[in-house]
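Accompanying notes for the structure given below.
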Amino acid sequence: MLVEQGFALEDLSEHLARDGSLVWVDVCEPDGAVLAVLADELGLDPHAVEDAVSAGERPKATRHARHTFLTVYATRLEAPGRDPTDPTSRLRLTRISAFVLPRGVITVRRSADFDMDPVFERWNEDPELLRLGVGALVHGLLDTVVDGHFEAIQQLDDAIEGIEDLLFDERGQMHAVQVRTYRLRKELVELRRVVLPMRDVVNAVLRHRGELDQRHAELDGFYDDLYDHVLRAAEWTESLRDMVTTVFETNLSLQDARLNTVMKKLTGWAAIIAVPTAVTGWFGQNIPYPGFGRPWGVLFSAGIIAAVGITLFGVFRRKGWI
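Numbering (the numbering used here), first residue to last: 11 to 332.
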């Protein structure tokens with residue numbers, strides 16, 4: 011049950027000191043002064059405070075003297091509507107850091123791209139679960155982030171299926187396939203960097219849970235399910251990477267096959283076109299030839315051209331060259 015909200019940060023330590031309290035503080039795009047107040051009020055580790063605002067931190071979970079520090083990344087893929095030939099990555103990452111205390115969680119977001127309302131709604135779905143302490147808050151946050159990973163992975167999976175349809179398009183949209191494949195490879199690389207380390211994050215949370223929520227057995231099943239989702243997300247990204255590699259190699263193979271088909275057709279027609287050139291060149295020499303000086307000589311040379319040309323056309327047609 012919500013007892014109080016909107017209190018001053020200076021009163022945070024007082025709320026955390028109350029027996030049975032459970033506190034959540036969300037700080038979005040904080041400046042140094044806000045984090046300094048929190049660090050002084052709660053005795054936060056300076057290295058963790060620095061990591062919360064530094065750029066380029068990888069997903070991790072670190073245990074400090076008074077708290078556990080988490081860094082995870084929420085993901086989303088921009089909605090369709092952009093130029094399909096634009097190679098710019100559509101994946102958007104939002105870093106979320108959390109200071110996990112024995113009776114509360116302080117989340118720090120670098121931007122407002124990640125909406126905390128779904129997390130809050132998940133916590134409110136089962137008020138009884140919140141009686142189990144801060145472990146329930148951490149689970150709700152991580153579970154929402156991992157669900158976002160699944161949504162982004164599903165969208166990339168659908169995009170790969172769309173590329174597979176283009177591969178065998180008779181119109182041969184090779185450029186579109188190349189651009190989309192390159193963009194997907196870039197997005198998958200970015201996604202793997204934030205999805206794969208989540209296994210270590212959840213493992214670290216599981217190891218330190220006893221220090222946070224007295225290891226409530228009721229939460230074991232929730233965290234086991236969360237860890238299973240993290241493993242599935244990691245395995246799914248690995249399989250998508252293999253699929254993209256296969257699509258790329260298949261596209262190259264199809265290009266070679268199409269080139270061979272074109273070369274066969276060009277070779278066949280070049281052979282047919284060479285026949286009249288050879289015949290007229292021979293009959294055009296300054297020496298007597300069959301039918302020289304007679305009207306039927308023209309018909310004879312034309313008959314040779316037609317007969318040889320039709321024969322070659324039939325042979326190449328039967329072989330599938332033209």
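Glycine included, every Cβ here is placed at the ideal spot set by N, Cα and C.
DSSP places G114 in the strand class (E or B) of the three-state scheme. The beta-carbon separation of D153 and L216, rounded to 14 angstroms, does not stay under the 8 angstroms limit for a contact. Annotated as proximal: L103 and Y83, with beta-carbon spacing under 7 angstroms. Assigned with DSSP and collapsed to three states, T98 falls in coil, not helix or strand. For D50, the enclosing alpha helix (DSSP H) stretches over residues 42 to 52. Shown here, L206 sits in coil according to DSSP, grouped into three states, outside any helix or strand. Spanning the alpha carbons of A316 and I282 requires a straight line of approximately 10 angstroms. The shortest CA-to-CA distance from V156 to any of I170, Y233, F178, R113 is the one to Y233. With a 10 Å radius around the Cβ and a threshold of 16 neighbouring Cβ atoms, I320 comes out exposed. Contact between the segment 132 to 147 and the segment 182 to 195 is not established, with fewer than three Cβ pairs separated by less than 8 angstroms. Each of R190, V240, V199 was checked against the Cα of R209, and the nearest Cα belongs to V240. The Cβ atoms of V211 and P69 lie closer than 7 angstroms to each other. Here S64 is exposed: its Cβ has fewer than 16 other Cβ atoms, across all protein chains shown, within 10 Å.
For R86, there is no enclosing alpha helix (DSSP H); the enclosing beta strand (DSSP E) has its first and last residue at 78 to 87.
About 16 angstroms separates the beta carbon of V254 from that of R203, a gap too long to meet the 8 angstroms contact definition. With a minimum length of 4 residues, the unbroken runs of alpha helix (DSSP H) contained wholly in the segment 128 to 175 fall at 137 to 140. Boundaries of the alpha helix (DSSP H) harbouring D61: 56 to 63, taken from the DSSP string.
Restricting attention to P112, F258, F130, the CA atom closest to the CA of Y192 is found in F258.
Within a 10 Å sphere around the beta-carbon of G66 sit fewer than 16 other beta-carbons, which makes this residue exposed. A Cβ-Cβ distance of about 19 angstroms is found for the pair G278 and I314, leaving them out of contact under the 8 angstroms criterion.
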